[in-house]
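Undergrad:
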Amino acid sequence: MSSLLNWEEGVLVESANGSEVWRVSITDSASVERVLYLKKYFLYDSKKFRSEFLKGAFFGRSKASREFGNLERLRGFEIDVTVPVAFGEERSLGRLTRCFLMTEEVPESRNLDQVLMKELPEMPARLAKSTRQSLIFRLAEATRKMHRNGFVHRGFFFRNILISGDRFNRVFVFDAPRGRKWPGWLLGRKPEKDLATIDSAATVFFRRTERLRFYLKYHEIERLTSEHKLTIARILKRAEPLRARQLRRLGF
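The opening position of the sequence shown corresponds to residue 3 in the numbering used here, with each subsequent residue numbered one higher.
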């Protein structure tokens with residue numbers, strides 16, 4: 003475990019906010035090369051420690067442990083995820099100092115926001131339209147499976163969704179340490195947070211009718227009732243504070 007926490011070989015994909023993500027290649031016992039992602043979290047500074055005090059730093063499960071468990075849970079719902087391989091923690095006198103999560107690479111995948119920003123605009127208009135429709139259907143299906151099983155992601159942004167396949171026909175969910183499964187009687191309106199999150203940047207990539215189609219597919223209905231209209235109003239209200247930040251992150 004210590005060697006993984008100190009690992010600095012391969013490609014450093016991201017380093018920010020007390021974490022690092024490495025893309026590493028290893029050869030397994032069958033002499034097959036595997037590509038894995040190693041995400042490391044550090045809790046050295048007091049501010050980071052205070053924010054994680056009840057989230058694994060002293061009490062509860064670490065971020066790596068929570069994400070490992072959530073990815074396994076989502077797999078149980080037959081949702082495509084970045085397959086978790088291992089996680090580990092380093093503690094000193096009971097205090098969490100470092101932890102890691104290792105997942106398998108999804109071959110030939112890219113973040114949803116990159117697909118929407120770079121690849122769709124280069125497609126012929128008819129192909130781009132059909133691809134958007136396919137994405138809407140797949141996203142609605144994955145989101146519906148999550149919520150019908152009582153799971154709320156709580157970080158369901160475009161950047162945390164991977165797209166794979168020749169026709170962008172597979173959707174993979176990842177980066178879910180804040181996710182939680184709720185019993186039916188406590189679930190209530192909590193899924194609306196995910197719907198607001200995923201809609202926060204959708205306005206620049208999808209037409210209003212396409213965003214509505216996502217909602218209809220998600221609920222497996224053909225037309226809105228008055229209750230659905232109220233739900234959409236709440237979702238849009240929750241999405242608005244997120245929208246400016248997400249669009250700014252994407253360069254808009």
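Each residue gets a CB set at the ideal place from its N, CA and C atoms; glycine is no exception.
What does a CB cutoff of less than 6 angstroms around Thr145 pick up in its chain, not counting 5 residues either side in sequence?
TA: Tyr220
Undergrad: Quick one, are the C-beta atoms of Ile138 and Phe216 less than 9 angstroms apart?
TA: yes
Undergrad: Which residue or residues does DSSP assign as beta-bridge partners of Trp24?
TA: Note: Trp24 sits in a beta bridge opposite Leu14, Leu40.
Undergrad: Since Met104 contacts Val87 with CB under 8 angstroms, what's their CB separation in whole angstroms?
TA: That pair is a contact at about 4 angstroms.
Undergrad: Whole angstroms is fine: what's the gap from Arg140's alpha carbon to Glu92's?
TA: For Arg140 and Glu92, the distance between alpha carbons rounds to 38 angstroms.
Undergrad: For Asn19, which of Ala130, Ala142, Phe44 has the nearest alpha-carbon?
TA: Restricting attention to Ala130, Ala142, Phe44, the CA atom closest to the CA of Asn19 is found in Phe44.
Undergrad: Rounded to whole angstroms, how far is the Cβ of Thr205 from the Cβ of Arg245, which I believe are closer than 8 angstroms?
TA: Contact flag correct, Cβ pair sits at about 7 angstroms.
Undergrad: Taking the alpha carbon of Phe160 as the point to measure from, which residue in Ala130, Val175, Asp30, Val85 has its own alpha carbon closest?
TA: Val175
Undergrad: From what residue to what residue does the beta strand (DSSP E) around Trp166 run?
TA: The residue asked about is misnamed: residue 166 is Ser in this sequence, not Trp. First-last of the beta strand (DSSP E) with Ser166: 163-166.
Undergrad: With H, G and I counted as helix, E and B as strand and the rest as coil, what does DSSP make of Gly58?
TA: Any reading at Gly58 needs caution, since the residue's pLDDT is 48, under 50, leaving its predicted position unreliable; the model's value is listed next. Residue state, collapsed to three classes: helix.
Undergrad: Just the Cα atoms here: how many angstroms apart are Ala130 and Gln116?
TA: 14 angstroms
Undergrad: Answer with buried or exposed for Val108, where buried requires no fewer than 16 other C-beta atoms within 10 angstroms of its C-beta.
TA: Buried, since its Cβ has 16 or more Cβ neighbours within 10 Å.
Undergrad: What number of angstroms, rounded off, separates the C-alpha of Gly157 from the C-alpha of Thr199?
TA: 7 angstroms
Undergrad: Which class does Gly78 belong to by DSSP, given the choice of helix, strand or coil?
TA: Collapsing the DSSP output to three states places Gly78 in a helix.
Undergrad: Tell me the residue span of the alpha helix (DSSP H) that contains Thr145.
TA: 127-150
Undergrad: Can you tell me which of Arg63, Leu114, Glu106, Glu74 puts its alpha carbon nearest to the alpha carbon of Arg25?
TA: Glu106
Undergrad: Let me check understanding here. Comparing Cα to Cα, which of Arg36, Gly71, Ile163 lies closest to Ala142?
TA: For the set Arg36, Gly71, Ile163, the Cα lying nearest the Cα of Ala142 is the one of Ile163.
Undergrad: Determine the burial state of Ile223: buried for a count of at least 16 other Cβ atoms within 10 Å of its Cβ, exposed for fewer.
TA: exposed
Undergrad: Can Leu218 and Arg225 be called in contact, C-beta distance under 9 angstroms?
TA: yes
Undergrad: Can you give the beta carbon distance from Arg236 to Glu194, rounded, assuming they're within the 8 angstroms contact cut?
TA: Contact flag correct, Cβ pair sits at about 6 angstroms.
Undergrad: Per DSSP, which residues does Pro86 bridge with? Please list them.
TA: Thr105
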